[in-house]
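Below is one structure, written out as structure tokens; the observations come after it.
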Amino acid sequence: MPPCGERGSGGQGGMGAAAAMDWAKAAGHHSARLLLDFALPPRCPGCGEISQAVDLFCTECWGGLDFMAGGCARCGLALGAGEEGECGACAVDPGPLARVRAALGYGEIPRAIAMRLKYGRKIALARTMAGLMRRPLGDLAPGALLVPVPLHRWRLWSRGFNQSVLIARALGREVDPDLLRRTRATPKLKGLNPAERRATVKGAFALRPGASVRGRDIILVDDVITTGATAEACARALRKAGARQVELLAFARVRPGRVA
Numbered sequence: 536m537p538p539c540g541e542r543g544s545g546g547q548g549g550m551g552a553a554a555a556m557d558w559a560k561a562a563g564h565h566s567a568r569l570l571l572d573f574a575l576p577p578r579c580p581g582c583g584e585i586s587q588a589v590d591l592f593c594t595e596c597w598g599g600l601d602f603m604a605g606g607c608a609r610c611g612l613a614l615g616a617g618e619e620g621e622c623g624a625c626a627v628d629p630g631p632l633a634r635v636r637a638a639l640g641y642g643e644i645p646r647a648i649a650m651r652l653k654y655g656r657k658i659a660l661a662r663t664m665a666g667l668m669r670r671p672l673g674d675l676a677p678g679a680l681l682v683p684v685p686l687h688r689w690r691l692w693s694r695g696f697n698q699s700v701l702i703a704r705a706l707g708r709e710v711d712p713d714l715l716r717r718t719r720a721t722p723k724l725k726g727l728n729p730a731e732r733r734a735t736v737k738g739a740f741a742l743r744p745g746a747s748v749r750g751r752d753i754i755l756v757d758d759v760i761t762t763g764a765t766a767e768a769c770a771r772a773l774r775k776a777g778a779r780q781v782e783l784l785a786f787a788r789v790r791p792g793r794v795a
């Protein structure tokens, strides 16, 4: 054992000052985490019940998630019996989006998460959503620029944030949060049929002045896809500006025949 004057000097058999500080800091963080978990325990993103860890779903909610996988090479929807590659609808009219992918089919649990993020201001849920979106993100163009679907400035001012920006940033890739802008306010699309939605958002998006996407691959990021009319309008603006291809990634997607 070193003499008292040498205790903690960093010699063999003692803890160096830097190591002691690191240990104390780690111990302090651990204690703070325990206190925080006691006061504000992590909860299931789906139902809000106390969970074992942040972003961890309870067994019941996890079992109720409708994971989307496979399907049409372009739109991502389920293929009919005997179909391969692209579905018949995409073969006839491919549209402006090169590929569309979503983590989950839209249902009670994804709806609750999306609503709590947008209207309940539970912004930590953006990280939860991004975590589920990383699997379909891996199928999309590597190195592509992530571009959140924009809100009109009036809606942004009233809400205080764009949920798609939060999700895109949580995905940990290159993001341009204001590359696209809504040039005019549009009414809410809920209750409109696909044709009415397309007409409502037609020409409502443009690139930020001075921005360039020529030759770039773009991945649009959104929380929920209903008919895809908004994303298609965004894609047309990007393609017109010279983007090589535009893809779409969302947290959840309304399956055909279901209502958002």
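Per the working numbering, residue 536 is the first one in the sequence shown, and the count goes up by one each step. Idealized CB from N, CA, C, for every residue including glycine. If you're wondering where the values come from, they're calculated on a predicted model, not measured in any experiment.
Residue range of the alpha helix (DSSP H) that includes residue i
| i | result |
| --- | --- |
| Leu652 | Glu643 to Lys653 |
| Ala703 | Gln698 to Ala705 |
| Ala624 | Gly623 to Val627 |
| Pro729 | Pro729 to Val736 |
| Leu600 | Taken as a continuous stretch (DSSP letters only), Leu600 belongs to no alpha helix (DSSP H), as it is neither H nor E. |
| Arg694 | Arg688 to Arg694 |
First and last residue of the uninterrupted beta strand (DSSP E) at residue i
| i | result |
| --- | --- |
| Arg788 | Gln780 to Arg788 |
| Ala764 | From DSSP, Ala764 is part of no beta strand (DSSP E) but of the alpha helix (DSSP H) over Ala764 to Lys775. |
| Gly640 | Arg634 to Gly640 |
| Val748 | Premise fails: Val748 is in no beta strand (DSSP E) and is neither H nor E. |
| Ala665 | Element bounds for Ala665: not the beta strand (DSSP E) but the alpha helix (DSSP H), Leu660 to Leu672. |
| Phe740 | Phe740 to Leu742 |
| Ile585 | It is not in any beta strand (DSSP E) - Ile585 carries neither H nor E in the DSSP assignment. |
Rounded separation between residue i and residue j - CA only
| i | j | result |
| --- | --- | --- |
| Asp590 | Cys582 | 12 Å |
| Val684 | Ala616 | 34 Å |
| His565 | Ala588 | Here the model assigns His565 a pLDDT of 47, short of 50, so the residue's position is not dependable and the matter cannot be decided. |
| Phe573 | Ser586 | Model confidence at Phe573 stands at a pLDDT of 42, short of 50, so the residue's coordinates are unreliable; what they give is reported in the following sentence. Cα to Cα, the separation comes out at about 12 Å. |
| Gly642 | Ile760 | 12 Å |
| Ile753 | Leu681 | 6 Å |
| Ala766 | Arg578 | 32 Å |
| Arg749 | Gly599 | 42 Å |
| Leu569 | Pro576 | Unreliable placement is indicated for Leu569, whose pLDDT of 42 sits below 50; the coordinate value is still reported in the next sentence. For Leu569 and Pro576, the distance between alpha carbons rounds to 9 Å. |
| His687 | Arg708 | 24 Å |
| Arg732 | Gly726 | 9 Å |
Given residue i as reference, the closest of the options once Cα atoms are compared
| i | options | result |
| --- | --- | --- |
| Cys622 | Ala764, Pro576 and Gly606 | Gly606 |
| Thr735 | Arg716, Ser747, Ala768 and Asp757 | Ala768 |
| Leu784 | Met668, Arg646 and Pro791 | Met668 |
| Pro729 | Arg704, Arg651, Arg743 and Val789 | Val789 |
Cβ-Cβ separation, residue j to residue i (assumed contact under 8 Å), whole Å
| i | j | result |
| --- | --- | --- |
| Leu639 | Asp601 | 6 Å |
| Ile648 | Phe696 | Their Cβ separation, rounded to whole angstroms, is 16 Å, which puts Ile648 and Phe696 out of contact at 8 Å. |
Contact test: residue i Cβ vs the ligand PLP heavy atom, cutoff 8 Å
| i | result |
| --- | --- |
| Glu767 | Annotation note on the ligand PLP: not contained in the displayed structure, which lists no ligands. |
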